[in-house]
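A.B. asks: Questions regarding the structure given below will be posed in turn.
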Amino acid sequence: MQQFAGSHILSINQFERADVERIFNVADSMQPYAHRRRVTKVLDGAILGNMFFEPSTRTRVSFGSAFNLLGGEVRETTGFESSAISKGESLYDTARVLSGYSDVIVMRHPAEGSVAEFAAASRVPVLNGGDGSNEHPSQALLDLYTIRKELAGHGRSLENLRIAMVGDLRFGRTVHSLCKLLCLFQGVQVVLVSPDELRMPGDIVETMRSAGLAVNESDQLEASIAHVDIVYSTRIQEERFQSQEEADLYRGRFRLNQSVYTANCEPNTVIMHPLPRDSRATARELDDDLNDNPNLAIFRQTDNGVLVRMALFALVLDVADQVDRHARDVNWYTAGRF
Ligand code: CP
Numbered sequence: 024m025q026q027f028a029g030s031h032i033l034s035i036n037q038f039e040r041a042d043v044e045r046i047f048n049v050a051d052s053m054q055p056y057a058h059r060r061r062v063t064k065v066l067d068g069a070i071l072g073n074m075f076f077e078p079s080t081r082t083r084v085s086f087g088s089a090f091n092l093l094g095g096e097v098r099e100t101t102g103f104e105s106s107a108i109s110k111g112e113s114l115y116d117t118a119r120v121l122s123g124y125s126d127v128i129v130m131r132h133p134a135e136g137s138v139a140e141f142a143a144a145s146r147v148p149v150l151n152g153g154d155g156s157n158e159h160p161s162q163a164l165l166d167l168y169t170i171r172k173e174l175a176g177h178g179r180s181l182e183n184l185r186i187a188m189v190g191d192l193r194f195g196r197t198v199h200s201l202c203k204l205l206c207l208f209q210g211v212q213v214v215l216v217s218p219d220e221l222r223m224p225g226d227i228v229e230t231m232r233s234a235g236l237a238v239n240e241s242d243q244l245e246a247s248i249a250h251v252d253i254v255y256s257t258r259i260q261e262e263r264f265q266s267q268e269e270a271d272l273y274r275g276r277f278r279l280n281q282s283v284y285t286a287n288c289e290p291n292t293v294i295m296h297p298l299p300r301d302s303r304a305t306a307r308e309l310d311d312d313l314n315d316n317p318n319l320a321i322f323r324q325t326d327n328g329v330l331v332r333m334a335l336f337a338l339v340l341d342v343a344d345q346v347d348r349h350a351r352d353v354n355w356y357t358a359g360r361f
């Protein structure tokens, strides 16, 4: 079992199934706060250092919002150019300094292993917001939390889940973390759909097979999405390629749109994507014409991300049992948007 209080959250490898259940239970309890019916000040006075050295919309803003919703304050660093790292300062020195200014730190960095290196020097817990193409653990947790909710809506549990992951499985850190997370569940069937050059790293496939998952690899979209509960589409991670020309070889290779979905998928197949999706005409791995499809869960994923990230903060800062004690109803008008 994971000792959450004071711990870094760096990799899915550190979790057992009971830890995941604990995170999901705490996430469930955050709903009144994330959905703006109640406010809590349980983290009043606490400071989050939100350090993003790669572009981000969802992870940066939802971690920040999650901390604010628990009553804490957020200080942001975005991009190397606004950090003294651009003057040659090491991750070690940066971590020693910033962990004196914050109670918890979220970090995204383009180099694999960089967040763990930073965490080793930090005096406060560090949460991995994505380190290169290695891992994105909070995304995998919110993805699985979403899968659980979507399946529950159809009277199903996570056992015997059937999922197709599609796209850039070589560089996509969200699918790396999600594959590791699925190893904690029984009877899972995974189809990995990618161009041959962008296949899931062999060590992750081996880990899944060793854990008892049924794993198949394919380069054919239509046949692979015919008998699954979830289609999890991903963007070609063009920022990880040696050149734009190389990335362009793969953009638009797999396109899920309404007609492909109708022709191939079972009626209740859930459509997911970690976002951002590439909506440019040459890509469109997840077409805008799916926007009115009730099985499109991508914006439920982003909403769920706040709940899961609130849970991670509450557990790491050891306030999960105190949230309601510091709460009251909201004063303002809130639209029923959740
Ligand atoms: N899913 C995800 O990591 O999105 P951002 O890059 O916008 O944070």
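Sequential numbering from 24 applies to the sequence shown in my numbering.
Positions of the beta carbon are idealized from the N, C-alpha and C atoms, including for glycine.
Source: prediction; values computed, not measured.
Which residue spans inside the stretch 133 to 182 form an unbroken alpha helix (DSSP H) run of at least 4?
C.D. replies: When DSSP assignments are scanned along the stretch 133 to 182, the uninterrupted stretches of alpha helix (DSSP H) that are 4 or more residues long and fall wholly within it turn out to be 137 to 144 and 160 to 175.
A.B. asks: Should Tyr-284 be labelled buried (16 or more other beta-carbon atoms within 10 Å of its own) or exposed?
C.D. replies: buried
A.B. asks: Thinking C-alpha only, which one of Ala-175, Ser-145 and Ser-137 is nearest Gly-123?
C.D. replies: Ser-145
A.B. asks: Cα-Cα, which of Ser-256, His-199, Tyr-255 and Tyr-56 is closest to Glu-158?
C.D. replies: His-199
A.B. asks: Pick helix, strand or coil for Gln-281, following the three-state DSSP scheme.
C.D. replies: helix
A.B. asks: State yes or no: is the C-beta of Asn-197 nearer than 7 Å to some heavy atom of the ligand CP?
C.D. replies: Here residue 197 is Thr; the residue named in the question, Asn, does not match the sequence. Correct: Thr-197 has its Cβ closer than 7 Å to the ligand CP.
A.B. asks: If I'm right that Arg-60 touches Thr-325 with Cβ under 8 Å, what's the distance once you round it to whole angstroms?
C.D. replies: Not really, about 19 Å apart at Cβ, beyond 8 Å.
A.B. asks: Let me know the secondary structure DSSP gives Asp-341 once reduced to three states.
C.D. replies: coil
A.B. asks: Based on DSSP bridge pairs, tell me the residues matched to Val-43.
C.D. replies: BP columns for Val-43 are empty, so no partner.
A.B. asks: Name the DSSP beta bridge partners of Arg-185, please?
C.D. replies: Gln-212
A.B. asks: Give the straight-line distance between the Cα atoms of Gly-68 and Met-24, rounded to the nearest whole angstrom.
C.D. replies: 29 Å
A.B. asks: Run the proximity test for Arg-258: is its beta-carbon closer than 7 Å to any non-hydrogen atom belonging to the ligand CP?
C.D. replies: no
A.B. asks: Answer yes or no: do Leu-340 and Asp-126 have a C-beta to C-beta separation smaller than 8 Å?
C.D. replies: yes
A.B. asks: How big is the Cα-Cα spacing for Ser-241 and Gly-94?
C.D. replies: When rounded, the distance between both Cα atoms is 47 Å.
A.B. asks: Give the range of the beta strand (DSSP E) segment to which Asn-73 is assigned.
C.D. replies: 70 to 75
A.B. asks: Measure the beta-carbon distance from Gly-362 to Pro-148 and round it to whole angstroms, keeping in mind my assumption that it falls under 8 Å.
C.D. replies: Beyond the ends of the chain as shown, which are 24 and 361, falls residue 362; an answer cannot be given.
A.B. asks: Confirm, please, whether the CB-CB distance from Val-254 to Ala-367 is below 8 Å.
C.D. replies: This structure cannot speak to residue 367, because the chain is shown only from 24 to 361.
A.B. asks: Can you give me the start and stop residues for the alpha helix (DSSP H) that Tyr-115 sits inside?
C.D. replies: 114 to 121
A.B. asks: Count the other CB atoms within 10 Å of the CB of Arg-360; is the residue buried (16 or more) or exposed (fewer)?
C.D. replies: With fewer than 16 other Cβ atoms from the protein chains shown falling within 10 Å of its own Cβ, Arg-360 counts as exposed.
A.B. asks: Could you say if the stretch 223 to 236 and the stretch 272 to 289 meet the contact criterion of at least three C-beta pairs nearer than 8 Å?
C.D. replies: no
A.B. asks: Can you check DSSP and say which residues form a bridge with Asp-352?
C.D. replies: Answer is Arg-61, bridged to Asp-352.
A.B. asks: Cβ-heavy atom distance between Ser-156 and the ligand CP below 7 Å?
C.D. replies: no
A.B. asks: Provide the residue span of the beta strand (DSSP E) that contains Ser-241, from first to last.
C.D. replies: Residues 237 to 241.
A.B. asks: Who's in the neighbourhood of the ligand CP, going by beta-carbon under 7 Å from any heavy atom, listed in chain order?
C.D. replies: Pro-78, Ser-79, Thr-80, Arg-81, Thr-82, Arg-83, Gly-153, His-159, Gln-162, Thr-197, Pro-297, Leu-298 and Pro-299
A.B. asks: Closest to Asn-354 by C-alpha separation, out of Thr-63, Asn-36 and Pro-290, would be which residue?
C.D. replies: Thr-63
A.B. asks: What is the rounded straight-line gap between the Cα of Arg-351 and the Cα of Gly-176?
C.D. replies: When rounded, the distance between both Cα atoms is 30 Å.
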